[in-house]
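Each residue of the sequence shown is one higher than the one before, starting from 579 at the first, in the working numbering.
Backbone N, C-alpha and C fix where the C-beta goes; we use that ideal spot for every residue, glycine too.
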Amino acid sequence: MDFALTAEDEAFRDELRAWLATNLPPFLADWGGEDDPGTGRSTGVARSQERRKDWQRRLNEGRWAAINWPKVWGGREATPVQNVLYSEEMARVRAPGIFNANGLWQIGPMIIRWGTEEQVERWIPGILSADEHWCQGFSEPEAGSDLANLRTSAIRDGDDYVVNGQKIWISTAHLAKWGLFLLRTDPTAIERGAKHEGITAFIIDMETPGIECRPIRDIVGDEMFNEVWFTDARIPVSSRLGDEGAGWQVAMGTLGHERVGTAGLAITMAADLRSMISVARATNPDALDDPEIRERIARAWTDIELTRLLNYRALTKIIKGQKNWPEVPLAKLQWSHLAQTLAELAVDMLGPAGLLAKGGPDAVDGGNWTRLYTFQRYTSIGAGATEVQKNIIADRALLANKKE
Ligand SMILES: Cc1cc2nc3c(=O)[nH]c(=O)nc-3n(C[C@H](O)[C@H](O)[C@H](O)COP(=O)(O)OP(=O)(O)OC[C@H]3O[C@@H](n4cnc5c(N)ncnc54)[C@H](O)[C@@H]3O)c2cc1C
Numbered sequence: 579m580d581f582a583l584t585a586e587d588e589a590f591r592d593e594l595r596a597w598l599a600t601n602l603p604p605f606l607a608d609w610g611g612e613d614d615p616g617t618g619r620s621t622g623v624a625r626s627q628e629r630r631k632d633w634q635r636r637l638n639e640g641r642w643a644a645i646n647w648p649k650v651w652g653g654r655e656a657t658p659v660q661n662v663l664y665s666e667e668m669a670r671v672r673a674p675g676i677f678n679a680n681g682l683w684q685i686g687p688m689i690i691r692w693g694t695e696e697q698v699e700r701w702i703p704g705i706l707s708a709d710e711h712w713c714q715g716f717s718e719p720e721a722g723s724d725l726a727n728l729r730t731s732a733i734r735d736g737d738d739y740v741v742n743g744q745k746i747w748i749s750t751a752h753l754a755k756w757g758l759f760l761l762r763t764d765p766t767a768i769e770r771g772a773k774h775e776g777i778t779a780f781i782i783d784m785e786t787p788g789i790e791c792r793p794i795r796d797i798v799g800d801e802m803f804n805e806v807w808f809t810d811a812r813i814p815v816s817s818r819l820g821d822e823g824a825g826w827q828v829a830m831g832t833l834g835h836e837r838v839g840t841a842g843l844a845i846t847m848a849a850d851l852r853s854m855i856s857v858a859r860a861t862n863p864d865a866l867d868d869p870e871i872r873e874r875i876a877r878a879w880t881d882i883e884l885t886r887l888l889n890y891r892a893l894t895k896i897i898k899g900q901k902n903w904p905e906v907p908l909a910k911l912q913w914s915h916l917a918q919t920l921a922e923l924a925v926d927m928l929g930p931a932g933l934l935a936k937g938g939p940d941a942v943d944g945g946n947w948t949r950l951y952t953f954q955r956y957t958s959i960g961a962g963a964t965e966v967q968k969n970i971i972a973d974r975a976l977l978a979n980k981k982e
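Spelled out as structure tokens, the structure:
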């Protein structure tokens with residue numbers, strides 16, 4: 579591993595640091611420091627979206643919203659090292675969330691790669707400027723980890739496709755103007771034993787008649803994700819992204835972008851650990867004399883450092899043009915394990931008062947740790963469930979190493 583930065587990378591980091599130093603304080607003065615949906619229900623989510631929209635607009639004005647996009651589309655064509663620096667700097671200042679995370683990191687790059695000139699011109703500016711919110715509609719009740727089992731159908735009828743079926747867990751679909759959906763254009767593919775075939779990607783106007791979003795109340799009481807029902811919804815052929823039947827290829831490109839720039843997580847988690855210790859010192863100091871708690875703190879700290887180095891090792895491999903196995907799936911596992919370990923540690927360190935929920939007058943630190951305790955469960959489900967990640971590591975990384 580070589581930790582030295584090139585002059586170009588240093589200039590990138592310094593420019594970003596300077597931009598954040600100038601632009602983050604006035605944003606926080608306008609909106610306050612809180613970045614989660616608040617006390618729940620759809621109103622909390624909607625306010626959080628407005629805050630994110632404003633932050634993304636300011637980032638875009640500084641050309642810091644879509645660093646991986648081509649320069650002609652407001653990007654910086656950032657290198658892998660610059661992605662890590664970006665992620666670390668954003669974590670260091672605890673930057674607010676952005677409005678179109680899906681759109682900027684996954685959907686936008688796919689439209690640029692697979693879309694026609696007309697499609698790029700139509701959709702890319704709205705993603706970047708935060709004028710239009712996007713969602714990503716892949717999962718179905720019988721197609722989560724086994725995504726290729728999806729069955730929501732899109733059957734060609736003249737200049738339209740007619741869509742029927744159900745998606746689930748679609749984040750912010752009820753707030754989105756557009757969604758990138760994967761639909762089954764060849765319903766015989768699953769029966770033929772070729773489920774990865776016959777899937778097509780579409781960009782769908784969420785206001786199309788025949789589409790109904792039903793928000794699902796989640797474990798912390800927010801209404802962030804949805805069931806999306808399609809009943810004879812007609813979508814134009816011109817909204818198809820890529821060829822009919824090429825959806826799996828488009829989707830894999832989209833999901834691949836999810837793993838970029840997780841290096842900052844080690845910084846966020848280290849800051850969380852420091853912060854929970856100082857809260858415990860003020861509210862429940864005896865816990866910090868407990869040998870078991872002390873050992874858990876030390877283990878968590880060691881695990882955070884391991885995660886940081888794992889990410890650097892993956893980066894080194896990418897720079898050398900090698901496969902980033904098994905570091906990338908290991909880092910995903912490490913992240914979900916640590917996110918949950920830290921949340922459990924926080925609640926144990928803070929004692930009974932630490933269990934008081936957000937909104938209560940005596941809640942420690944606004945009840946944020948209690949909220950995290952339940953919310954962090956998502957980290958072992960989203961972006962690849964833990965058991966499935968372990969299968970991937972076993973199948974591809976260990977077996978591949980054995981053969982070498
Ligand atoms: C907060 C959150 C936001 C989300 N947002 C979106 C979104 O915007 N758009 C979208 O399309 N989806 C979204 N999802 C859905 C997410 O992609 C799925 O939850 C995920 O793919 C897992 O699918 P599933 O929930 O159907 O679980 P399943 O795949 O049914 O898994 C259930 C359990 O079985 C285990 N399991 C499954 N297969 C195997 C196997 N082969 N071997 C061993 N164990 C196995 C899993 O590890 C898990 O523990 C979101 C999920 C969450 C939690």
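Boundaries of the beta strand (DSSP E) in which Pro814 is found, first to last residue: Within the sequence shown, residue 814 is the residue found at index 236, counting from 1. First-last of the beta strand (DSSP E) with Pro814: 803-814.
Counting only the same chain and skipping the five closest in sequence on each side, list residues whose C-beta sits under 8 Å from that of Asp735. Translated into positions along the sequence shown, residue 735 becomes position 157. Arg812, listed in sequence order.
Decide if Val838 is buried, meaning its Cβ has at least 16 other Cβ atoms within 10 Å, or exposed. Working through the sequence shown from its first residue, we reach residue 838 at position 260. Low confidence applies here, because Val838 scores a pLDDT of 45, under 50, leaving its location unreliable; read the following figure in that light. The residue is buried, with at least 16 neighbouring Cβ atoms inside 10 Å.
Beta-bridge pairing of Arg734 - partner residues as DSSP gives them: Translated into positions along the sequence shown, residue 734 becomes position 156. Answer is Tyr739, bridged to Arg734.
Endpoints, beta strand (DSSP E) assigned at Arg792: Here residue 792 corresponds to residue number 214 of the sequence shown, with the count starting at 1. Here the beta strand (DSSP E) through Arg792 covers 789-794.
Figure out for me which residue from Asp940, Asp821, Glu905 has the closest Cα to the Cα of Arg691. By 1-based counting over the sequence shown, the position of residue 691 is 113. For Arg691, the nearest C-alpha among the options comes from Asp821.
Say the cut is 7 Å; is the CB of Val741 nearer than that to a heavy atom of ligand 1? As a first step, residue 741 must be located in the sequence shown, where it is residue number 163. Because no heavy atom of ligand 1 lies under 7 Å away, the Cβ of Val741 does not count as near it: no.
What does the Cβ neighbour count give for Gln1024, buried or exposed, with the cut at 16 atoms within 10 Å? The requested residue 1024 is not part of the displayed model; the chain covers only 579 to 982.
Limits of the unbroken alpha helix (DSSP H) element including Gln714: Along the sequence shown, read from residue 1 onward, the residue named residue 714 stands at position 136. Segment 712-715 is the beta strand (DSSP E) holding Gln714; no alpha helix (DSSP H) there.
Between Asn902 and the rest of its own chain, which residues show a CB-CB distance below 6 Å, the 5 nearest in sequence each way excluded? Taking the first residue of the sequence shown as position 1, residue 902 is located at position 324. Correct list, in chain order: Ala892, Lys895, Ile896.
If you scan the region 646-723 from start to end, which runs of the alpha helix (DSSP H) of 4 or more residues do you find wholly inside it? 658-670, 686-692, 695-707
Buried versus exposed call for Asp810 [16 or more other C-beta atoms within 10 Å across all chains shown]: Here residue 810 is taken as the residue at index 232 of the sequence shown, counted from 1. Exposed, by the Cβ-count rule.
C-alpha gap between His915 and Ile882, whole angstroms: On the sequence shown, residue 915 is found 337 positions in, with the first residue counted as 1. On the sequence shown, residue 882 is found 304 positions in, with the first residue counted as 1. Taking the straight line from one Cα to the other gives about 10 Å.
Spell out the partners DSSP gives Arg762 in its beta bridges. On the sequence shown, residue 762 is found 184 positions in, with the first residue counted as 1. Arg762 is bridged to Ser731, Ile777.
Can you tell me which residues form a DSSP beta bridge with Gln744? The residue you call residue 744 lines up with position 166 of the sequence shown. Answer by DSSP bridge pairing, in chain order: Trp807.
Between the beta-carbon of Val806 and the beta-carbon of Gly715, is there less than 8 Å? As a working mapping, residue 806 is identified with position 228 in the sequence shown. As a working mapping, residue 715 is identified with position 137 in the sequence shown. A contact, by the Cβ cut-off of 8 Å.
I believe Asp587 touches Leu663 by the beta-carbon criterion, under 8 Å. Please report the beta-carbon distance rounded to the nearest angstrom. As a first step, residue 587 is located in the sequence shown; it is residue number 9 there, counting from the start. As a first step, residue 663 is located in the sequence shown; it is residue number 85 there, counting from the start. That belief holds up - the Cβ atoms of Asp587 and Leu663 are roughly 6 Å apart, short of 8 Å.
Counting C-beta neighbours from all protein chains within 10 Å, is the total for Lys898 16 or more, i.e. buried, or is it exposed? For the purposes of this step, residue 898 is taken as the residue at position 320 of the sequence shown. It counts as exposed.
Heavy atom of ligand 1 within 7 Å of Val806 beta-carbon: Residue 806 sits at position 228 when you count from the first residue of the sequence shown. No, the beta carbon of Val806 sits no closer than 7 Å to any heavy atom of ligand 1.
Residues in its own chain within less than 8 Å of Pro703 by CB, not counting five upstream and five downstream? Counting from 1 along the sequence shown, the entry for residue 703 is found at position 125. Same-chain partners within the cutoff: Asp709.
First and last residue of the uninterrupted alpha helix (DSSP H) at Ser914: Position 336 of the sequence shown, counting from 1, holds the residue named residue 914. Taken as a continuous stretch (DSSP letters only), the alpha helix (DSSP H) holding Ser914 covers 905-928.
In whole angstroms, what separates the C-alpha of Asp796 from that of Ile746? Your numbering for residue 796 matches position 218 in the sequence shown. Your numbering for residue 746 matches position 168 in the sequence shown. C-alpha separation (whole angstroms): 13 Å.
Local conformation of Ile768 per DSSP, three classes: Taking the sequence shown and counting its residues from 1, the one referred to as residue 768 is at position 190. In the structure shown, Ile768 sits in coil (DSSP, three-state: anything other than H, G, I, E or B).
Contact test: Asp724 Cβ vs ligand 1 heavy atom, cutoff 7 Å: Looking up residue 724 in the sequence shown gives position 146. Indeed, a heavy atom of ligand 1 lies less than 7 Å from the Cβ.
Mark Asn804 as exposed unless 16 or more other C-beta atoms lie within 10 angstroms of its C-beta, in which case mark it buried. On the sequence shown, residue 804 is found 226 positions in, with the first residue counted as 1. Buried, because 16 or more other Cβ atoms sit within 10 Å of the Cβ of Asn804.
Within its chain, find whatever has a CB closer than 8 Å to the CB of Ala656; leave out the 5 residues flanking it on each side and keep chain order. As a working note, residue 656 is residue 78 in the sequence shown. Hits under 8 Å: Phe590, Ile645, Asn646, Tyr664.
Since Ala772 contacts Leu760 with CB under 8 Å, what's their CB separation in whole angstroms? Indexing the sequence shown from 1 puts residue 772 at position 194. Indexing the sequence shown from 1 puts residue 760 at position 182. With 8 Å as the limit, Ala772 and Leu760 do not qualify as a contact, their Cβ atoms being about 16 Å apart.
Quick one: grab the DSSP three-state call for Trp994. Look at the range of the chain in this structure, 579 to 982, and you will see that residue 994 is not part of it.
Proximity winner among Lys755, Gly960, Trp609, His711, relative to Leu911 (alpha-carbon distances): Sequence index remark: in the sequence shown, residue 911 carries index 333 (1-based). Checking every option, the nearest Cα to that of Leu911 belongs to Gly960.
Which two residues bound the contiguous alpha helix (DSSP H) that contains Asp592? Locating residue 592 in the sequence shown gives position 14, counting from the first residue. Per DSSP, Asp592 belongs to the alpha helix (DSSP H) from 585-609.
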